[in-house]
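Last residue of the sequence shown: 1445 in the numbering used here, with the numbers rising by one and none dropped.
Shown next, in structure tokens, is the structure this report addresses.
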Amino acid sequence: MDGRTAWSAESRAAVEAVAASVAVLAAFAQDAGPSEGADPLRDLADGCLDGLAEVAMLEARIAALKAKLAADYVQAAIDLAPPASSPQESTAQELALIAEVACVLTVSERTAGALLVESRSLTTTLPLTLKALQSGTISWQHARIIVDETSGLGPAGAAALEAHFLDPDAPNPARGCPAGDLVPSRFRAKARTWRERHHPVSIESRHAKSAEDRRVEYLPDRDGMAWLSACLPAATAAGIWERTTAAARALQGPDETRPLAQLRADITATWLLTNTTGGVPDGGLPGVVPDCGLAGGGRVEPGLTGRIPSPRAQVLVTVPILSLLGVTEESAMLDGYGPIPPSMARSLIADGADSFHRVLIDPRDGAPLEIGRTSYRLTKAQRRWLRLRDGKCPFPGCNNHSLDNDADHLLGWADGGTTGITNLGQPCPKHHRLRHRTGWTPSPASKDHPPGWTSPSKRHYSSEQQDWEPPRWPHHFTIIDTDLDTGAPPGHELPAHPEFLLDPELPRDPFPDWCSFTSAHPWPDPDDMDVDHGPVDPGDPDWPVRLNDPYPECPEFQTA
């Protein structure tokens, strides 16, 4: 590099941001020395953590500078090149500039090409993302995820996605901790969920096209091992995973030495190779794969011709009530996966009611109304509500699915803690041990917010939260703003079609206080409801449920 180098104003601004981080690190180094405090080791540990945080910010700012220089180079190279006389010559010019960047950075041409495409998107269509990267509030991995998830959305959709996650003043900003505080894998899950909800093409159409590409792949690996993977519809894959996990957990015990991951693999191999439909034979020994087949697994009934039956596993399906009725085609949420087509959700609820528990949400604000249930046991309902609230282990960055996690009192029972939803978490076994054997402690939770965590160094880390969004209304509906407490309309115009007029007093959550959202709505007394309960035996253990659950597992909706 010589004195003739010329950079754009944006690139020079990026350099200044990098220089600011370097200055902070230089100050750290200048002030570093033997601690004179009461706890030198604690001071050393805190200083190292502060330095790591500043290095992460420096890396993000360097990535922003790198992206800006790459985009400027592409534009300059295009302006310098003569007009291409044919498509072949245009392709050759593009390959030439990619090869130049690959040689400068000592990377493959594929990596260099991806860098140029991502840099171009950041600098031309994603200004908020580039600004956040340059300020150090998100990493390069977060920026790449935004670039990837905005592809195919168009300029307006891309702007809306990055505003949702990066602009706190957006109409419906993301809830919980900032995007940069989520590990990249969890941020990708949230960004993908938003994209699925707001994609210009309906999820039904996209799923129908993608389902044509379902397949099984085989990949040899080292040390006599190989990978077998399957690309399946989300509901089928989730059901297989949940049922395999339940069967593996049923085999765990004092005489079983294999960890959960190995048990899953052995059970899967047994099911595929033996086509076993019975239970574990008497005298089955750990380590014998065929004996691991269906312990803990339920009966699989044959489905319709050409259809795969719904697996009998405990899966939550969150579906807008209007979508459940077929009035709208808004996507539902499958626990552990994300958005699925509404037709898939309706099929799961109809075909697997004892396995897939539907969660109805308020058509006004998107908050859950109630969870379908088939038993009156409090512990089961609480565990399902925890799964709905948290979705996974609440420890920052952990992606362990909720079915594998432990219920845990945030304030111990011996210390006066109660078994209420606000005093419960569901950490995975690893972070459950971390909580009880180290200085990591969970912070208080709420009915709809999972607990955060405080480290031994007294740093607090927020947990990821669910991003509930108001459902979309059909075009023939006119929204009437009502008081959620009284249900009194302020006098706005009525819906265009009187038969779709909604009762302003929507039913409240039929669950008790420990698992109800604060946005619960008034519900008339069951004795005043015009409902024929049929012959009821007060000695029946399900008697209270049958009287008080206004939406049984197979609801019937009547119109005047």
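The beta carbon of each residue, even a glycine, is placed where N, CA and C say it ideally should be.
Per DSSP, GLU1349 lies in no beta strand (DSSP E) segment and is marked neither H nor E. ARG1029 and GLY1302 have their C-alpha atoms roughly 43 Å apart. Contact between the segment 923 to 933 and the segment 962 to 975 is absent: fewer than 3 CB-CB pairs across the two stretches fall below 8 Å.
MET1218 is bridged by DSSP to THR1203, PRO1224. Put simply, the segment 1082 to 1102 touches the segment 1214 to 1230. At least three CB pairs are less than 8 Å apart. Contact check for PRO1329 and LEU1295: beta-carbon distance about 7 Å, within the 8 Å limit, so the pair qualifies. Following the DSSP letters along the chain, one finds LEU1113 in no alpha helix (DSSP H) but inside the beta strand (DSSP E) bounded by residues 1111 to 1116. In the DSSP assignment, LEU1104 falls outside any alpha helix (DSSP H) and within the unbroken beta strand (DSSP E) covering 1100 to 1105. Three or more beta-carbon pairs separated by less than 8 Å are not found between the segment 1132 to 1151 and the segment 1112 to 1123, which leaves the two stretches without contact.
Looking at the DSSP output, LYS1016 sits in no beta bridge, so it has no partner there. For secondary structure counted as the alpha helix (DSSP H) over 4 or more consecutive residues, the segment 930 to 963 holds no complete run. Below 8 Å, enough C-beta pairs join the segment 1306 to 1320 and the segment 1268 to 1287 to call them touching: three or more. Counting along the chain, TRP1126 sits inside the alpha helix (DSSP H) bounded by residues 1119 to 1136. Put simply, the backbone Cα of PRO1227 is about 18 Å away from that of LEU1273.
Around the beta-carbon of GLU901, fewer than 16 other beta-carbon atoms lie within 10 Å, marking it exposed. Counting only the Cα atoms, THR996 lies some 25 Å from ARG897. Straight across, the Cα-Cα distance linking THR976 with LEU982 is about 10 Å.
Between the segment 943 to 953 and the segment 993 to 1008, the count of C-beta pairs closer than 8 Å reaches three or more; the two stretches touch. Distances from the alpha-carbon of SER1024 to those of ASP1054, ALA1111, LEU1038, LEU1067 put LEU1067 closest. Annotation for ARG1077: the continuous alpha helix (DSSP H) segment containing it runs 1069 to 1083. Here DSSP, grouped into helix, strand and coil, assigns LYS1277 to strand.
Ranked by Cα distance from ALA1230, the first of GLN1019, VAL1202, ARG1318 is VAL1202. ILE1152 is the residue among ILE1152, ALA949, GLU1349, THR1323 whose C-alpha sits nearest the C-alpha of GLU1127.
The secondary-structure analysis by DSSP pairs THR1339 across a beta bridge with THR1326, HIS1345. If you draw a 10 Å sphere on the C-beta of LYS1075, you find 16 or more other C-beta atoms in it, and that means buried. For the pair GLU994 and PRO1327, the Cα-to-Cα distance works out to about 46 Å.
Between the C-alpha atoms of LEU1219 and ILE1225 there is a straight-line separation of about 7 Å. In the displayed model, GLY998 falls within a helix according to three-state DSSP. Here ASP1293 is buried. Its C-beta has 16 or more other C-beta atoms within 10 Å. Rounded to whole angstroms, the Cβ separation of ALA899 and ALA949 is 5 Å, and the two are in contact under 8 Å. Between ALA1048 and LEU1013, the gap from beta carbon to beta carbon is short of 8 Å. The residue among ALA987, ALA1111, ASP1052 with its C-alpha nearest the C-alpha of LEU1015 is ASP1052. Under the DSSP assignment, PRO972 falls in the alpha helix (DSSP H) whose first and last residues are 972 to 990.
In the three-state DSSP reduction, LEU910 falls in the helix class (H, G or I). Rounded to whole angstroms, the gap between the alpha carbons of GLY1324 and ALA1064 is 26 Å.
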